[in-house]
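Following: one structure in structure tokens, then a few remarks.
Protein chains: 2
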Amino acid sequence: MPRILRVAAAQMGPTQRKDSRPQTLARMIALLEQAAAQGAKLVVFPELAFTTFFPRWLLEGAELDTYFETELPGPATQPLFDRARELGVGFYVGYAEKTPEGKHFNSAVTVGPDGAILQKYRKVHLPGSVEPRPNARFQQLEKRYFEYGDLGFPAFYGPEGWGAPVLGMLVCNDRRWPEAWRVYGLQGLEMLLVGYNSAAYDPNGGETEDAGLRTFHSQLSAQSNAYMNAAWAVAVAKAGDEDGSGLIGGSCIVDPNGRIVAEAKTLADEVILADCDLDLCAQGKEKMFNFAQHRRPEMYGLITSRTGAEKPARKVG
Amino acid sequence: MPRILRVAAAQMGPTQRKDSRPQTLARMIALLEQAAAQGAKLVVFPELAFTTFFPRWLLEGAELDTYFETELPGPATQPLFDRARELGVGFYVGYAEKTPEGKHFNSAVTVGPDGAILQKYRKVHLPGSVEPRPNARFQQLEKRYFEYGDLGFPAFYGPEGWGAPVLGMLVCNDRRWPEAWRVYGLQGLEMLLVGYNSAAYDPNGGETEDAGLRTFHSQLSAQSNAYMNAAWAVAVAKAGDEDGSGLIGGSCIVDPNGRIVAEAKTLADEVILADCDLDLCAQGKEKMFNFAQHRRPEMYGLITSRTGAEKPARKVG
Chain A
36 MPRILRVAAA
46 QMGPTQRKDS
56 RPQTLARMIA
66 LLEQAAAQGA
76 KLVVFPELAF
86 TTFFPRWLLE
96 GAELDTYFET
106 ELPGPATQPL
116 FDRARELGVG
126 FYVGYAEKTP
136 EGKHFNSAVT
146 VGPDGAILQK
156 YRKVHLPGSV
166 EPRPNARFQQ
176 LEKRYFEYGD
186 LGFPAFYGPE
196 GWGAPVLGML
206 VCNDRRWPEA
216 WRVYGLQGLE
226 MLLVGYNSAA
236 YDPNGGETED
246 AGLRTFHSQL
256 SAQSNAYMNA
266 AWAVAVAKAG
276 DEDGSGLIGG
286 SCIVDPNGRI
296 VAEAKTLADE
306 VILADCDLDL
316 CAQGKEKMFN
326 FAQHRRPEMY
336 GLITSRTGAE
346 KPARKVG
Chain B
36 MPRILRVAAA
46 QMGPTQRKDS
56 RPQTLARMIA
66 LLEQAAAQGA
76 KLVVFPELAF
86 TTFFPRWLLE
96 GAELDTYFET
106 ELPGPATQPL
116 FDRARELGVG
126 FYVGYAEKTP
136 EGKHFNSAVT
146 VGPDGAILQK
156 YRKVHLPGSV
166 EPRPNARFQQ
176 LEKRYFEYGD
186 LGFPAFYGPE
196 GWGAPVLGML
206 VCNDRRWPEA
216 WRVYGLQGLE
226 MLLVGYNSAA
236 YDPNGGETED
246 AGLRTFHSQL
256 SAQSNAYMNA
266 AWAVAVAKAG
276 DEDGSGLIGG
286 SCIVDPNGRI
296 VAEAKTLADE
306 VILADCDLDL
316 CAQGKEKMFN
326 FAQHRRPEMY
336 GLITSRTGAE
346 KPARKVG
């Protein structure tokens, strides 16, 4: 029996700092309903989807707390879970997690059609810095607000109704790190879900990468790592201008050949869909990327034994 | 002082089984001279550049031996080394190596402008099989004819006259394996040289990937891994129809943003050039791909501890 999963990427336009939680959640429910009306069984939302991308500001205390979920679902997010269960669709959503012990993570969950959380993931590759940059209008303080994810890269099965795919989750910057994809690939990954908030330009005016190049980088990362692990990928942006800081769009659904099969055209709330034939992963996994036949881990030692780059010694003579 | 290295990709058209060694070497010298006349300091030739891609046949004994170099330079290859030294250009070339101990490798060397070998590399990711496929017109017997490379991924410096770049070499299928690039990236890679012979279609008529998709895969691998390691890449094909078996072209020079800056247009002997600003690698290495700041090797254990893919355990319930 063919395993076709109709998946939706629910790209979100910008969310401003002043936007209320119910206002943003209503947009997400509208996207969910659009996707469900078109037959999607799994809807992928962005990273930190319930709020603006708050690590761009130096925040403290009570205001900072408002961006974190102490439970999921909780009072502010329950309506999304309820509506999804009514519609019989599952979803991936990124959120800021605060644990009962007071730890903070940049997390994502995948929720099944019955409303139950199938798996949680905590972002491993935190960009940015701990200390704010002096005199900068906008910061990137993920290393300040979050701890490094401590759950590894845990592949998991989607439900039978989705074709029981082997799924994996990443969050934003993780998608640029082939190590993360490969750890999933080594677990038989068939579809990778990733939400992101990626700057469209240096909001402090400092450098030369424009939005076109940054969107290219984002898609190149998803396309190549999908290909090199023979898996589908669904990469979903929060896009547009958030309080004067721009975010790229370019949400896309990528097949196991690395080809984009659906792509967002706007920087706004937008649903794109694709019918993903999970059995398309088999050719790559059995031939070109048959890991058991072709990988040579005894040659990869530096990947786990060294963190930073170290240049070779110069030859004398 | 800016470090600009003018590099050439010397794509080669097909070499037939009946073509003589001097005939093929003359083509290579002509390509070298074209590149040198345009100011190239480093010329990159394909994998197994001195002969046809012989692993497509089941061969034995004396004929098989004719495809291997027992010394490099040797009598059949010395004129290329001599002409390069006269012109003051260096080169990368792929060749079949037979050691004094009788071991066989699919190797490459990079030669400096003085004619001395700067570094040797032996292909790690051998595709194909040991045993021939029954009743197939064409084989892929690299696992039969070669041993797995035993030199690791040894980064090395080019000479001062090239800007002293940190160089790395791969051979063909290696370029699809992000582990190989990352081991070089962890040594401060600034330019990766790789030659290839990649099938344009299944010569036995068995499958669906056409030449366009295969060329896309080849370029996607070079582009993404160059970007994710903030390095230049020079990927060079032997292309066209060799005795009824087609090879893709698509030779390209890729910048550290993953953009193709020069690309071959034919399936024939063709030189393409680019001025590669080695300092363009710095932005990626200092920011997005600052490995010391952002990599999390404690999460990558499966990459070295597991060879083949293993699916996760199914949850009960």
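The listed protein sequences correspond, in order, to chains A and B.
According to our numbering, the first sequence is numbered sequentially starting from 36.
According to our numbering, the second sequence is numbered sequentially starting from 36.
Heads up, the beta-carbon is just placed ideally off N, CA and C, and yes, glycines get one too.
Just how far apart, CA to CA, sit residue i and residue j?
| i | j | result |
| --- | --- | --- |
| B:Gly279 | B:Leu224 | 38 Å |
| B:Thr59 | B:Glu214 | 33 Å |
| A:Ala348 | B:Glu104 | 29 Å |
| A:Lys320 | A:Thr342 | 29 Å |
| A:Pro332 | A:Leu93 | 42 Å |
| A:Met334 | A:His252 | 28 Å |
| A:Arg330 | A:Asn239 | 43 Å |
| A:Leu99 | B:Gln328 | 25 Å |
| A:Ala272 | B:Leu228 | 34 Å |
| A:Gly352 | B:Gly147 | Reliability of the predicted coordinates at A:Gly352 is poor, the pLDDT of 43 falling under 50, and the value obtained from them is presented with this limitation in mind. One C-alpha to the other measures close to 14 Å. |
| A:Gly196 | B:Val128 | 52 Å |
| B:Ala71 | B:Leu153 | 19 Å |
| B:Tyr156 | A:Leu107 | 52 Å |
| A:Glu177 | B:Glu68 | 53 Å |
| A:Val218 | A:Lys76 | 26 Å |
| A:Met323 | B:Gln254 | 15 Å |
| B:Lys346 | A:Pro200 | 10 Å |
| B:Lys300 | B:Gly285 | 7 Å |
| B:Gln113 | B:Gly275 | 26 Å |
| A:Phe85 | A:Met47 | 10 Å |
| A:Glu166 | A:Gly137 | 20 Å |
| A:Val42 | A:Glu305 | 14 Å |
| A:Ala143 | A:Glu95 | 23 Å |
Please list the partners that residue i has in chain B, where partner means a Cβ-to-Cβ separation under 9 Å.
| i | result |
| --- | --- |
| A:Met323 | Pro162, Asn208, Arg211, His252 |
| A:Met226 | Here the premise fails: no neighbours, minimum Cβ distance about 13 Å. |
| A:Lys273 | Neighbours of A:Lys273 on chain B: none; closest Cβ ~19 Å, over 9 Å. |
What does residue i touch in chain B if you count any residue whose Cβ is under 8 Å from its own?
| i | result |
| --- | --- |
| A:Thr101 | Simply none; closest approach about 28 Å. |
| A:Val201 | Lys346, Pro347 |
Against residue i, what residues of chain A qualify as contacts under a CB-to-CB distance less than 7 Å, listed in chain order?
| i | result |
| --- | --- |
| B:Val79 | What B:Val79 touches in chain A: nothing, since even the nearest Cβ is about 20 Å away. |
| B:Arg331 | Val159, His160, Tyr183 |
| B:Thr342 | Phe326, Ala327, Arg330, Pro332 |
| B:Tyr262 | His252, Leu255 |
| B:Gly187 | Met334 |
Beta-carbon within less than 6 Å of residue i's beta-carbon, same chain only, minus the 5 sequence neighbours each way: which residues are those?
| i | result |
| --- | --- |
| B:Asn141 | Lys158, Phe181, Val206 |
| B:Leu91 | Looking at the sequence shown, residue 91 of chain B is not Leu but Arg. So the qualifying residues of the chain are Phe173, Gln174, Ser280. |
| A:Gln258 | Val289, Gly293 |
| A:Asn208 | His160, Pro162 |
| B:Gly203 | Ala190, Tyr219, Leu224, Leu227 |
| A:Val269 | Val42, Ala44, Val79, Leu228, Ile288 |
| B:Ile338 | none |
| A:Thr250 | Ile283, Gly285 |
Who are the near neighbours of residue i in its chain, counting only those whose CB is closer than 7 Å to its CB and skipping five residues on each side?
| i | result |
| --- | --- |
| B:Glu277 | Pro49, Thr50, Gln51, Thr87, Phe88 |
| B:Tyr183 | Val159, Leu161 |
| A:Gly150 | Phe116, Ala119, Arg120 |
Looking at the secondary structure, which residues open and close the beta strand (DSSP E) in which residue i lies?
| i | result |
| --- | --- |
| A:Glu132 | 125-133 |
| B:Thr250 | Not the beta strand (DSSP E): B:Thr250 falls in the alpha helix (DSSP H), residues 246-263. |
| A:Gln46 | 39-46 |
Over what stretch of residues does the alpha helix (DSSP H) that includes residue i continue unbroken?
| i | result |
| --- | --- |
| A:Arg62 | 56-72 |
| B:Ser164 | Per DSSP, B:Ser164 belongs to no alpha helix (DSSP H) and is neither H nor E. |
| A:Thr145 | Run containing A:Thr145: none in the alpha helix (DSSP H); it sits in the beta strand (DSSP E), 139-146. |
| B:Glu177 | 177-180 |
| B:Asp117 | 113-122 |
| A:Ala317 | 316-321 |
| A:Gln328 | 326-329 |
Taking Cβ-Cβ distances shorter than 7 Å, what residues in chain B pair up with residue i?
| i | result |
| --- | --- |
| A:Leu40 | The contacting residues do not exist; A:Leu40 stays about 17 Å from chain B at best. |
| A:Leu248 | Asn292 |
| A:Phe191 | Pro347 |
| A:Phe89 | Chain B residues near A:Phe89: none, gap ~20 Å exceeds 7 Å. |
Please list, in chain order, all residues of the same chain as residue i whose beta carbon is under 8 Å from its beta carbon, the five residues on each side excluded.
| i | result |
| --- | --- |
| B:Ile39 | Gly198, Asp310, Cys311, Asp312, Leu313 |
| A:Ala246 | Ala235, Tyr236, Gly281, Ile283 |
| B:Leu186 | Lys155, Tyr156, Arg157 |
| A:Leu122 | Leu67, Glu68, Ala71 |
| A:Ala65 | Asp304 |
Along chain A, which residues have their Cβ under 8 Å away from the Cβ of residue i?
| i | result |
| --- | --- |
| B:Ile338 | Glu214, Arg217, Val218, Leu221, Pro332, Tyr335, Ile338, Thr339 |
Which bits of chain A does residue i rub up against, with CB to CB less than 9 Å?
| i | result |
| --- | --- |
| B:Lys320 | Ala344 |
Threshold first: 4 residues or longer. Then list the alpha helix (DSSP H) segments lying entirely within the segment 185-233 of chain A, N to C. Runs of the alpha helix (DSSP H) inside the segment 185-233 of chain A: 213-220.
Where are the beta strand (DSSP E) runs, 3 residues long or more, that stay fully inside the segment 286-310 of chain A, in chain order? The segment 286-310 of chain A is shown to contain whole beta strand (DSSP E) runs of 3 or more residues at 287-289, 295-298, in chain order.
Contacting positions in the segment 125-149 of chain B - beta carbon closer than 7 Å to chain C: No chain C is part of this structure, whose protein chains are labelled A and B.
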